Amino acid sequence: MSPKVLTEVIDRVFVITLARPEKRNCVDGETAALLTAAWKRFRDDEALWVAVLTGSGEEAFCAGADLTAIAELGPGLDASPSKMRQFIAHGEGYLGYTRQTDIYKPILCAINGHALAGGLELACLGDIRIVEEHAEMGVACRRFNVPLVDGGTQRLPRIVGMGRAMELILTGRFVKSDEALRIGLANEIVPRGASRARTIELAQRLCELPQGAMRSDKQAALMGWGRPLEEGLRIEAELGQYAIRSRDIIEGALSFAQKRKPSFTQDD
-1 MSPKVLTEVI DRVFVITLAR PEKRNCVDGE TAALLTAAWK RFRDDEALWV
49 AVLTGSGEEA FCAGADLTAI AELGPGLDAS PSKMRQFIAH GEGYLGYTRQ
99 TDIYKPILCA INGHALAGGL ELACLGDIRI VEEHAEMGVA CRRFNVPLVD
149 GGTQRLPRIV GMGRAMELIL TGRFVKSDEA LRIGLANEIV PRGASRARTI
199 ELAQRLCELP QGAMRSDKQA ALMGWGRPLE EGLRIEAELG QYAIRSRDII
249 EGALSFAQKR KPSFTQDD
C-alpha cells in the first residue's frame, strides 16, 4: 500500500504531499500521524529551510477529516474526561501537528484543488498560499456539525480579518480562487496543475536569502499578533537581537558597502 503522506527533499526545500487522491486527500489517523512526523522533521532538521505542503491529484488539496475514520483522530470519541483534558492542554491537533506554534521557518502551501473544512485549516498553516485557478476554499464542515479544531477559528481571522472570517465560518460558503485572492486567503493564482512547481520555485528563492533574520521576523510577527503595540515592539526588538548579533549581519553590511554578492554562513 502506498504511503498516505509523501515527503521529498529538493535542495533545502522539504515537500510534504497528502497522497490520498481517491479520498480527496482527506486525513485519517494514519495520515495525521505521518503529517505530525513530517512537520517535526522539518522543524528539527537544520538542513531543511522551507516547507511546501500540497496534495496529490487535481481535484483536492485536502477535503478535511476523513469522517469515515473520525474515531481515529484526536483523543477518540470515547475519551475519558482526563484524556480529553490532556489533549486540550497538550495535544498536537486532530489533522497532524496543527496546533504547532514553534515552526519559524517559512511554510508555503501549493493549493492544487479544493481546500475544504480541515483542508482549509491546513492551508492556513502556510505563510504563503499559491492557489490554482479551479480551487475553492471553505468551511464545508459547517453543514455536518463538525467544528473547526485545527486552528481555523484562530488562523483564518488573522489572515482575512475577523469580519470575513466570521462570514466564512458561520455560513460555510465556498470562495473561488479570485475571491480568495481578493480577501488575502490566496497570495497568487496559477493555472491548473501549476501550483507545485510555482511554490517550489518560490521556496527555492527564499532559500537564497539569509535565514536568520527571516526566521526572527516570522517569529516576531506571530508572537506579537494581537498584543498591545508596546508589547509587540518589545518582542520585535528582543527577537531581532539574534539576527543583529549574528556574523551574517556583518557580512550583509559589508557586501552592501562593497557592492558585491553576500556570502552568508546561515548562522541563525
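For the sequence shown, counting from 1, position 118 maps to 116 in my numbering; every step adds exactly one. All residues carry an ideal CB built from backbone N, CA and C; glycine is no exception. Please read all numbers here as calculations on a predicted model, not as lab measurements.
Can you tell me the Cα-Cα spacing of T34 and G117, whole angstroms?
Numbered from its first residue, the sequence shown carries residue 34 at position 36. Numbered from its first residue, the sequence shown carries residue 117 at position 119. Taking the CA atoms as reference points, T34 sits about 15 Å from G117.
May I ask which residues mark the beginning and end of the alpha helix (DSSP H) holding C122?
Stepping through the sequence shown from its first residue, residue 122 is reached at position 124. Premise fails: C122 is in no alpha helix (DSSP H) and is neither H nor E.
Three-state secondary structure assigned by DSSP to C139
Taking the first residue of the sequence shown as 1, we reach residue 139 at position 141. Helix.
Within the continuous alpha helix (DSSP H) that includes G210, where are the two ends?
Your numbering for residue 210 matches position 212 in the sequence shown. Going by DSSP, G210 is part of the alpha helix (DSSP H) stretching over Q209 to G222.
Could you compute how far the alpha carbon of L200 sits from the alpha carbon of E119?
In the sequence shown, residue 200 corresponds to position 202, counting from 1. In the sequence shown, residue 119 corresponds to position 121, counting from 1. L200 and E119 have their alpha carbons spaced roughly 22 Å apart.
Among the residues of its own chain, which have a CB less than 6 Å from the CB of N185, if the five just before and after it don't count?
Mapped onto the sequence shown, residue 185 falls at position 187. These residues qualify, in order along the chain: I126 and R127.
Just verifying my parser: in three-state terms, what is the DSSP assignment at H88?
Looking up residue 88 in the sequence shown gives position 90. Three-state result, H88: helix.
Where the beta strand (DSSP E) through A108 begins and ends:
As a position in the sequence shown, residue 108 is number 110, starting the count at 1. Taken as a continuous stretch (DSSP letters only), the beta strand (DSSP E) holding A108 covers I105 to I109.
Extent of the continuous beta strand (DSSP E) run through V25:
Your numbering for residue 25 matches position 27 in the sequence shown. According to the DSSP assignment, V25 belongs to no beta strand (DSSP E), since it is labelled neither H nor E.
Following a CB-centred definition, is D26 positioned closer than 6 Å to any heavy atom of the ligand HEM?
In the structure on display, the ligand HEM does not appear, and there are no ligands present to speak of.
Taking its Cβ as the centre, do 16 or more other Cβ atoms sit within 10 Å of V137, making it buried, or is it exposed?
To locate residue 137, count along the sequence shown from 1; it is residue 139. A residue is called buried when at least 16 other Cβ atoms come within 10 angstroms of its Cβ; V137 meets this threshold and is buried.
Near E234, which residues of its chain fall below 7 Å by C-beta distance, leaving aside the five closest residues on each side in sequence?
As a position in the sequence shown, residue 234 is number 236, starting the count at 1. Contacts found: A218 and G222.
To which residues of the same chain is F40 closer than 6 Å at the C-beta, ignoring the five residues directly before and after it?
Taking the sequence shown and counting its residues from 1, the one referred to as residue 40 is at position 42. Excluding positions up to five away in sequence, the list reads F12, L46 and A49.
I'd like to confirm the pairing. Which residues does DSSP put opposite G53 in its beta bridges?
The sequence position of residue 53 within the sequence shown is 55, counting from 1. Looking at the DSSP assignment, G53 forms a beta bridge with L16.
Burial state of N143, where buried means 16 or more other Cβ atoms lie within 10 Å
Your numbering for residue 143 matches position 145 in the sequence shown. Answer is exposed; the Cβ neighbour count stays below 16.
Could you tell me which of S193, A115 and G149 sits nearest to V173, measuring between CA atoms?
Indexing the sequence shown from 1 puts residue 173 at position 175. Taking only the C-alpha atoms, the option nearest V173 is A115.
Determine, for Y240, whether the minimum Cβ-Cβ distance to residues of chain C falls below 7 Å.
The displayed structure is made up of one protein chain only, and chain C is not part of it.
Are at least three pairs of beta-carbons, each pair with one atom in the region 20 to 30 and one in the region 58 to 67, less than 8 Å apart?
Between the region 20 to 30 and the region 58 to 67 there are three or more C-beta pairs closer than 8 Å, enough to call the two in contact.
When you compare the region 76 to 93 with the region 139 to 153, are there three or more beta-carbon pairs, one atom per stretch, that lie closer than 8 Å?
Yes: at least three Cβ pairs fall under 8 Å.
Mind checking whether A58 and R18 have CB atoms under 7 Å apart?
By one-based count along the sequence shown, residue 58 stands at place 60. By one-based count along the sequence shown, residue 18 stands at place 20. No, Cβ-Cβ distance for A58 and R18 is not below 7 Å.
Looking at the structure shown, is L114 part of a helix, part of a strand, or coil, going by DSSP?
Residue 114 sits at position 116 when you count from the first residue of the sequence shown. In the structure shown, L114 falls within a strand segment according to DSSP collapsed to helix, strand and coil.
Leaving out the 5 sequence neighbours to the left and right, which residues in its chain are closer than 8 Å to R141 when beta-carbon positions are compared?
The residue labelled residue 141 in the question sits at position 143 within the sequence shown. G170.
Would you check if the distance between the CB atom of R83 and the CB atom of C205 is smaller than 7 Å?
If you number the sequence shown from 1, residue 83 lands on position 85. If you number the sequence shown from 1, residue 205 lands on position 207. In this structure, C205 does not lie closer than 7 Å to R83 by Cβ.
T169 by DSSP, collapsed to three states: which one?
Within the sequence shown, the letter at position 171 stands for residue 169. In the structure shown, T169 sits in a helix (DSSP, three-state: H, G or I).
Residues in the same chain with beta-carbon distance under 6 Å from P208, minus the five sequence neighbours each way, listed in chain order, please.
In the sequence shown, residue 208 corresponds to position 210, counting from 1. Cβ within range, chain order: D246 and F262.
Where the beta strand (DSSP E) through A58 begins and ends
The sequence position of residue 58 within the sequence shown is 60, counting from 1. Counted as a single uninterrupted DSSP element, the beta strand (DSSP E) harbouring A58 occupies residues A58 to C60.
In or out: V7 buried (at least 16 other Cβ within 10 Å) or exposed?
For the purposes of this step, residue 7 is identified with residue 9 of the sequence shown, where counting begins at 1. It counts as exposed.
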